[in-house]
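Structure first, commentary second.
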Amino acid sequence: MNSKILVTGANGQLGNEIRRLCRNFPGLEFIFTDVDMLDITNPDAVSVFMEASKPAIVVNCAAYTNVDGAEDDVKAARKVNALAPQVLAAACAMQEAFLIHISTDYVFDGEKGSPYNEEDETNPISVYGSSKLEGEEKIKTVFDNYLIIRTSWLYSEYGHNFMRTILALAKEKDKIEVISDQYGSPTYARDLANCIIDIIVKSILNPRAYLPGIYHYTNQGSCSWNEFAQEIINVAGITTCEVVPITTDQYPHKAQRPRNSILDTTKVRSAFGIGIPNWKDSLRECLSSITR
């Protein structure tokens, strides 16, 4: 059975974590690519690469993630977040491969008073969110052999993310202001990577358990950005920096953010029997791996 897995965006947070974990699965053959190796916005390049490598599964971790930058560069955001998923879906359809695509909580407007499930109406309020939703829709118009995973507030020891930013600021300043009226679920990229590989092993490579569609995955529990920052500083043992709560109105951004982007993970837990750690436990694990 073909067990080749192509991972795009391999140098990002999630791609790096999949690379770290793949050594635990010697029965799976991983192919890692990033923009320097494969331009996923180029249909011809993707077609040639897919024909040569013949993966059974493509995991698209590539994304334009600069939420504010997308407001000024709509074309760049759409190229990576909307058009590239369509290109990958078309290539997967030609090769009869399965596509796992990573999406975002920002497809919602944040007005719901409880966690969002997969059936809730989408209504993005930023260019970034709109481009990610467009990517989802384009995949669905191409074929049915996909799994879209929406996640939120992703962090890891790699790359640019909220956790690393807070750690850096807390070591430089005695006070930092962090928004306290936007709520979501921090997600450790390693946990999401584990989930993806678990799904590949349990479902996609097992036709009897084949369950395509849209799923939500985040760590369990939720908090505000301010509470997340406070927990980062506490766990890191930093005692010289105060985290001051402020409102969204006090810290304007170019792009609007949803006030509530908590995702309901019931479906993914039920469908694949996946256990999901609490965000505080995963944060401690991530910070301990940095200090080791």
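The working numbering puts the first residue of the sequence shown at 4, with every later residue one more than the last.
Glycine is no exception: its CB is placed at the ideal position from the N, C-alpha and C atoms.
C-alpha distance - residue i paired with residue j, whole-angstrom precision
i      : j      : result
Thr268 : His219 : 5 Å
Gly72  : Met40  : 24 Å
Ile202 : Val145 : 22 Å
Pro58  : Gln185 : 40 Å
Asn229 : Cys289 : 19 Å
Leu170 : Gln98  : 44 Å
Lys205 : Pro127 : 32 Å
Ala96  : Lys174 : 49 Å
Asn69  : Tyr149 : 25 Å
Trp156 : Asp252 : 20 Å
Phe231 : Ser264 : 14 Å
Glu54  : Val61  : 13 Å
Supposed close pair residue i, residue j - CB separation, criterion 8 Å
i      : j      : result
Ala65  : Thr11  : 5 Å
Asp37  : Asn14  : 4 Å
Ala80  : Val130 : 6 Å
Ser183 : Pro118 : Not confirmed; about 19 Å, so no contact.
Met166 : Ile235 : 6 Å
Glu121 : Ile217 : 5 Å
Gly113 : Pro261 : 2 Å
Same chain only: Cβ atoms within 7 Å of residue i, ignoring 5 sequence neighbours per side
i      : result
Gln233 : Val246
Arg287 : Val238
Pro88  : Asn63, His104, Gly138, Lys141, Ile142
Thr162 : According to the sequence displayed, residue 162 carries Gly and not Thr. Cβ within range, chain order: Gly15, Gln16.
Lys176 : Cys244
Ile277 : Cys198, Asp201, Val271
Cβ pair residue i, residue j closer than 8 Å
i      : j      : result
Asn63  : Leu31  : no
Ser188 : Gly224 : yes
Leu86  : Thr44  : yes
Gln1   : Asn164 : Past the edges of the chain, shown from 4 to 295, lies residue 1, and the structure says nothing about it.
Ala196 : Leu91  : no
Ser292 : Asp194 : no
Lys82  : Val110 : no
Ser159 : Tyr191 : yes
Phe28  : Ile200 : yes
Leu266 : Asp108 : yes
Cutoff 8 Å; reference residue i; Cβ partners in own chain excluding five residues on either side
i      : result
Leu172 : Ile179, Cys244
Ser56  : Lys7, Leu9, Ile34
Thr250 : Ile182, Ser183, Asp184
Asp75  : Lys257
Tyr67  : Ala73, Ala79, Ala80, Lys82, Val83, Asn84, Tyr131, Ser134
Asn19  : Ala13, Ser159, Tyr161, Gly162, Ala192
Residues near residue i in its chain [Cβ-Cβ closer than 6 Å; skip 5 each side]
i      : result
Ser50  : Ala94
Asn5   : Ala59
Ile151 : His104, Ser106, Glu139, Ile217
Ala274 : Leu214
Lys270 : Glu121, Tyr218
Ile21  : Val10, Ala196
Distance cut-off 7 Å: residue i Cβ against heavy atoms of the ligand GTP
i      : result
Met166 : Questions concerning the ligand GTP fall outside what the structure shown contains, since it holds no ligand whatsoever.
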